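To start, the structure under review is shown below, and the notes come after it.
2 protein chains.
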Amino acid sequence: MTAARRNGPALTRAIMETTLELGQELGYAKLSIEAIAARAGVGKHTIYRRWSSKGTLLLDSLLSLSESTLDYPHTEDVVADLRRQIYEAIDLLAGPSFRPLFQALVGEAQHDPGVAAALNERFITPQADKTVARLRAAQAEGRLSPDFDLDLSMALLSGPLYFQLLITQEPLTHAYVDRVLDALFAGMAKRA
Amino acid sequence: MTAARRNGPALTRAIMETTLELGQELGYAKLSIEAIAARAGVGKHTIYRRWSSKGTLLLDSLLSLSESTLDYPHTEDVVADLRRQIYEAIDLLAGPSFRPLFQALVGEAQHDPGVAAALNERFITPQADKTVARLRAAQAEGRLSPDFDLDLSMALLSGPLYFQLLITQEPLTHAYVDRVLDALFAGMAKRA
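What follows is the structure, encoded as structure tokens:
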């Protein structure tokens, strides 16, 4: 099937698959809309009609890999639900296949306001909203401290993961996520 | 006093002051060892003998601004001690004067392993060691949960700040630090 014959969704999917494939081959710095267009067999304007920059395209391509769209499960065990969603997110973005691309994207967000805005609009804000909603439900069910500062949930839960990803740059493992969740739920204060 | 007449410490200080001044004028991307050398009136080899890259030089220059070398106070109130040190750190690195330079430095650490190594060796690891020592003492004094996972202290305390600095890129205020400390000490779990 030639590019011209592919319909909208199939074309979008083909462009995103090509982006991930070429991103892994070339690295973020050398990745370009032109190269993606050539490999996917489409005109670059076809890509620019959908995405304003390679950062936005890469972000959508990475997120398209999640079957659950990184939604939280909702069972009786809120810690288990958080754990399951966070495992999925780090396997996707901080695993060996895509970690370098995701790190480079966040690196670019430090000097390109367009990439920073895309990162927040397409990924961080929707995830933060889902996290607050999941924890608000847990509060309503009496499974979370009624005093917990919901607006901080995303920063508290994912901050220590970004610290490991971007600052110490050590492996981001399920065991590390478990330790973070244990520490956050237990709290640092001494109990009477 | 000409550059040639300045002794070691005065020369080091002059180079670091020039780095900060020029960094603020030009931004990180355009800052170069050559430009710093020219402005400071020294040969660039004089700089390269002390620092291997502009990232390392900038980091040392930023840290030289802290009179306390970001040590923790040690009073009977561990939360107040943490708060005081964290306020100082964010005022320095995330205030209006130097935040863009520090953000750019962390951005560069995402694709330059030398900058990432310098960031960890010169700043993160020493700070993490101080944080663990301060919290270990608090544990010994019975002022912190005996179960708290000390090795996570730096990630838990500073992760939410880096999240704000690098991801949402919103202002990093004392009020935000207070909320993070409150939430970390209280914990997310519902108490019996």
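Same order as they appear, the protein sequences are chains X and E. Going left to right, the first sequence walks through residues 71 to 262 as the working numbering numbers them. Going left to right, the second sequence walks through residues 71 to 262 as the working numbering numbers them. Just so you know, even glycine gets a beta-carbon here, dropped at the ideal spot from N, CA and C. Since the structure is predicted, the reported quantities are computational estimates derived from the model, not experimental observations.
Residue i CB to nearest chain C CB: under 9 Å?
| i | result |
| --- | --- |
| ASP219/E | Note that chain C does not occur in the displayed structure, where the protein chains are X and E. |
Among the options, which has the Cα closest to the Cα of residue i?
| i | options | result |
| --- | --- | --- |
| MET258/X | SER102/E, LEU254/E, ALA107/E | LEU254/E |
| ASP199/X | SER167/X, LEU133/X, LEU140/X | LEU140/X |
| GLU137/E | GLN180/E, SER122/E, ALA159/E, ILE194/E | ALA159/E |
| THR238/X | PRO216/E, VAL250/E, THR238/E, PRO196/E | PRO196/E |
| MET86/X | LEU101/X, LEU128/X, VAL112/X | LEU128/X |
| GLN155/E | GLY78/E, ARG261/E, SER228/E, ARG120/E | SER228/E |
| PHE193/X | LEU132/X, PRO166/X, LEU236/X | LEU132/X |
| LEU220/E | THR116/X, THR126/X, VAL250/X, PRO143/X | VAL250/X |
| ALA207/X | ILE117/X, GLU146/X, LEU135/X, LYS114/X | GLU146/X |
| SER223/X | TRP121/E, LYS100/E, TYR246/E, PRO79/E | TYR246/E |
| GLN234/X | SER215/E, PRO216/E, ARG213/E, ALA186/E | ALA186/E |
| GLU191/E | ALA203/E, ASP130/E, ARG109/E, ALA84/E | ASP130/E |
| THR116/E | ALA84/E, LEU226/E, ALA225/E | ALA84/E |
| ASP248/E | ARG109/E, ARG153/E, LYS124/E, GLY93/E | ARG153/E |
The alpha helix (DSSP H) spanning residue i covers which residue range?
| i | result |
| --- | --- |
| ILE156/E | 148–163 |
| HIS115/X | 114–120 |
| THR201/X | 195–210 |
| GLN234/E | Taken as a continuous stretch (DSSP letters only), GLN234/E belongs to no alpha helix (DSSP H), as it is neither H nor E. |
| GLU137/E | From DSSP, GLU137/E is part of no alpha helix (DSSP H); its letter is neither H nor E. |
| HIS181/E | Premise fails: HIS181/E is in no alpha helix (DSSP H) and is neither H nor E. |
| SER244/E | In the sequence as presented, Ser is not what sits at residue 244/E; that position holds His. Per DSSP, HIS244/E belongs to the alpha helix (DSSP H) from 244–256. |
Does chain E have any CB closer than 9 Å to the CB of residue i?
| i | result |
| --- | --- |
| ASP275/X | Outside the modelled stretch of chain X, which goes from 71 to 262, sits residue 275/X, for which no answer is possible. |
| TYR98/X | yes |
| ARG154/X | no |
| MET71/X | In this prediction, MET71/X has a pLDDT of 47, which is less than 50 and means its spatial position is unreliable; what the coordinates show is noted afterwards. MET71/X does not count as touching chain E. |
| HIS181/X | yes |
| THR238/X | yes |
| SER123/X | no |
| ASN77/X | no |
| ARG213/X | yes |
| LEU189/X | yes |
Can residue i be considered in contact with the ligand ATP, in the sense that its beta carbon sits closer than 8 Å to one or more heavy atoms?
| i | result |
| --- | --- |
| PRO230/E | Among the components modelled here there is no ligand, and therefore nothing to report on the ligand ATP. |
So with CB distances below 9 Å, who are the chain E contacts of residue i?
| i | result |
| --- | --- |
| GLN234/X | ALA225, GLY229 |
| GLU93/X | Correcting the residue type first, residue 93/X is Gly in the shown sequence and not Glu. Ordered by position in chain E, no residue passes the 9 Å Cβ test against GLY93/X, which lies about 14 Å from the chain. |
Can you check whether the C-beta of residue i is within less than 9 Å of a C-beta belonging to chain X?
| i | result |
| --- | --- |
| LYS260/E | yes |
| PRO241/E | no |
| ILE194/E | yes |
| GLU178/E | yes |
| ASP252/E | yes |
| SER138/E | no |
| LEU205/E | yes |
| LEU101/E | no |
| PRO216/E | yes |
Can you name the residues of chain E whose CB is closer than 8 Å to the CB of residue i?
| i | result |
| --- | --- |
| PHE255/X | GLY257, MET258, ALA259 |
Who are the neighbours of residue i on chain X, taking C-beta pairs under 7 Å?
| i | result |
| --- | --- |
| ALA186/E | GLN239 |
| ARG249/E | ASP219, LEU222 |
Kindly list, in the order they appear in chain E, the residues whose Cβ is closer than 7 Å to that of residue i.
| i | result |
| --- | --- |
| GLN173/X | GLN180 |
task = Quick one: which unbroken alpha helix (DSSP H) runs of 4-plus residues sit fully inside the stretch 76–111 of chain X? Chain order, please.
result = 78–96, 103–110
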